[in-house]
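For reference, the structure is listed below as structure tokens.
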Amino acid sequence: MPDIVDDFANDRLNELQGHWMPFTANRDFKAEPRFIVRAEGMYYWSRAGHRVLDAASGLFCCAAGHGRREIAEAVSRQLLEMDYAPHFQFGHPSSFALAGRLAQLLPGDLDHLFFCNSGSEAIDTALKIAMAYHRARGEGGRQRFVSRERAYHGVNIGGTSLSGILRNREAFGAVMPGVVHLRHTWSATDRFVRGQPGNGAELAEDLQRFVDLYGGATIAACFVEPIAGSTGVLVPPKGYLERLRRICDAHGILLVFDEVICGFGRTGAPFAADSFAVMPDMITMAKALTNGAQPMGAVAVRDGIYRALTDGAPAHAIELFHGYTFSAHPAACAAALATLDIYAREDLVARAARLSGPFLDRVFSLADLPIVTDVRGYGMLAAFDLDPGGAPGARGYAALKRLFEAGLLLKWTGDTGILAPALIAEETHLDEMIERLRDGLAAI
Ligand SMILES: Cc1ncc(COP(=O)(O)O)c(C=O)c1O
């Protein structure tokens, strides 16, 4: 199906130079562009008119499927009624409604929501809240942060500092000081394990080693993705998150779950914190919060943290000197409220829990391909590693192109393919996904 590659005329290729595309091989893309121009349900359409099954919910965003009219109409209504309002010292009702709805969905007393525009901003916001919280309690000496190898926490300076992926850090100097990294949880001896690996909980003791080395009272917070997503779906070993929680509790360290990928049903529960029954002090979220229809991120904060910061400040004073021009943009709030309505009406979290078995059955069936060296998965999130051959990343990139030509879009990180279909998928879509994967992988 080679004509799926866009027919953008050669003499117009210079028109593509203006947009410096993110996380993209720009020269290669512009020589052979892959345009996506329409989306509906489980599918995209290329500009050449081919239908492409979306096995990644866009980029983990469109959990309720594409083209949801309810969301588009809610955004349109909101923009016609009020396009924008300043959010510093003023408010509009829908952000409060949204915060209330999210607090109901979130576990425990994660009752306070700080809104921003992306996952990266949510991470920066959580870093700053952690620092300000400790300072407000007279523990301003807590300036260190703990992250993990292979972590992805977005691309702002905060997230880059927390990043555990070499390529996302190496060009950007020393970034934030005082960040140390736990070992990642992937193990060569635990390949092809479905769900949580039985081994590896002891890796959480790395946090104890940092406490022993630096002093627990110097560490502000430990950030982890409950399931490390972008690096290729590393499911936490049984008992691992619990151990992190215990060590954090023992030393006054905040535990932050970055649920930018895991949240909103991806793990078969509203949040991964529910799936793994571990209560963090903050949860960062974005992506599926608006079903991808508007840029939005948020940090959910436990009551004690919110109160320490707000009650600790003098009356009439701004308590947290932080916020974005577009924090809680009315259109994003409208999109998020309409999205939450869809999740509730269509019971998509329960649907994800039911669909996980059939989904993982199919993904783990790839284990018989000689080119596949590992498969991992949990809920509606899975990944497989390809034998990189001679040049790491080359095979993954070839697979990305070949599979798009074959009508399948998934997320690639190096030689790892990541699957996260929308929670509205039918089993027929999952069959189609695996058929296309098998055909495409056979051809690279
Ligand atoms: C766990 C996690 N945190 C943060 C981010 C950054 O989100 P954004 O790209 O919206 O800034 C991502 C993006 O994939 C992510 O997966």
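For the record, in the sequence shown the residue sitting at position 376 is 377 according to this note's numbering, with numbers rising by one throughout.
C-beta: ideal position from N, C-alpha, C; glycine also.
Express the C-alpha separation of residue j and residue i in angstroms, rounding to a whole number.
i: Phe277; j: Gly42; result: 30 Å
i: Phe385; j: Phe224; result: 25 Å
i: Leu321; j: Ala133; result: 8 Å
i: Val350; j: Pro108; result: 14 Å
i: Cys249; j: Leu255; result: 6 Å
i: Val156; j: Asp416; result: 21 Å
i: Arg28; j: Leu411; result: 21 Å
i: Asp342; j: Gly174; result: 44 Å
i: Asn200; j: Tyr241; result: 9 Å
i: Leu81; j: Ala26; result: 38 Å
i: Ile124; j: His323; result: 13 Å
i: Ala400; j: Trp46; result: 19 Å
i: Pro3; j: Ala407; result: Here Pro3 scores only 42 on pLDDT, less than 50, and its place in the model should not be relied on; the value that follows carries that caveat. Cα to Cα, the separation comes out at about 8 Å.
i: Ile445; j: Leu54; result: 19 Å
i: Tyr457; j: Glu347; result: Coverage of the chain is limited to positions 2 through 445, which leaves residue 457 absent and any answer about it impossible.
i: Pro371; j: Gly390; result: 12 Å
i: Asp213; j: Glu150; result: 19 Å
i: Leu310; j: Arg396; result: 49 Å
i: Gly216; j: Ala314; result: 28 Å
i: Arg308; j: Leu431; result: 46 Å
i: Ala368; j: Ile262; result: 24 Å
i: His93; j: Tyr325; result: 15 Å
i: Gly66; j: Thr219; result: 44 Å
For residue i, does the count of other Cβ atoms within 10 angstroms reach 16, so buried, or fall short, so exposed?
i: Phe272; result: buried
i: Phe360; result: buried
i: Gln79; result: buried
i: Gln18; result: exposed
i: Thr126; result: buried
i: Leu183; result: buried
i: Asn15; result: exposed
i: Thr429; result: exposed
i: Pro281; result: buried
i: Glu427; result: exposed
i: Ser366; result: exposed
What residues are listed by DSSP as bridge partners for residue i?
i: Arg195; result: Gly378
i: Trp413; result: Gly418
i: Gly298; result: Cys117
i: His182; result: Ser148
i: Ile284; result: Phe258 and Ala301
Could you give the uninterrupted runs of the beta strand (DSSP E) lying entirely in the segment 81 to 131, keeping only those of 3 residues or more?
111 to 117, all fully within the segment 81 to 131.
Pairs of beta-carbons, one from the segment 140 to 159 and one from the segment 336 to 346, closer than 8 Å: are there three or more?
no
Is the segment 223 to 243 touching the segment 181 to 194 in the sense that three or more CB pairs, one from each, lie closer than 8 Å?
Yes, they touch.
Could I get the ranges of all uninterrupted beta strand (DSSP E) runs contained in the segment 307 to 395, with 3 residues as the minimum, in chain order?
373 to 379 and 382 to 387
Fully enclosed by the segment 16 to 83, which alpha helix (DSSP H) runs are 4 residues long or longer?
27 to 32, 58 to 61 and 70 to 82
What runs of the beta strand (DSSP E), each 3 residues or longer, lie entirely inside the segment 198 to 273?
Counting only runs of 3 or more, we get 220 to 225 and 255 to 259.
Any 3 or more C-beta pairs closer than 8 Å across the segment 202 to 220 and the segment 110 to 126:
With the cut-off at 8 Å, the segment 202 to 220 and the segment 110 to 126 do not touch.
Quick check: the segment 421 to 433 against the segment 55 to 65, are there 3 or more CB pairs under 8 Å?
yes
Tell me, please, whether the segment 296 to 312 touches the segment 71 to 91 by the rule of three or more beta-carbon pairs shorter than 8 Å.
no
So, do the segment 157 to 167 and the segment 290 to 297 have three or more beta carbon pairs nearer to each other than 8 Å?
no
Count Cβ pairs between the segment 365 to 383 and the segment 97 to 105 that sit closer than 8 Å; are there 3 or more?
no
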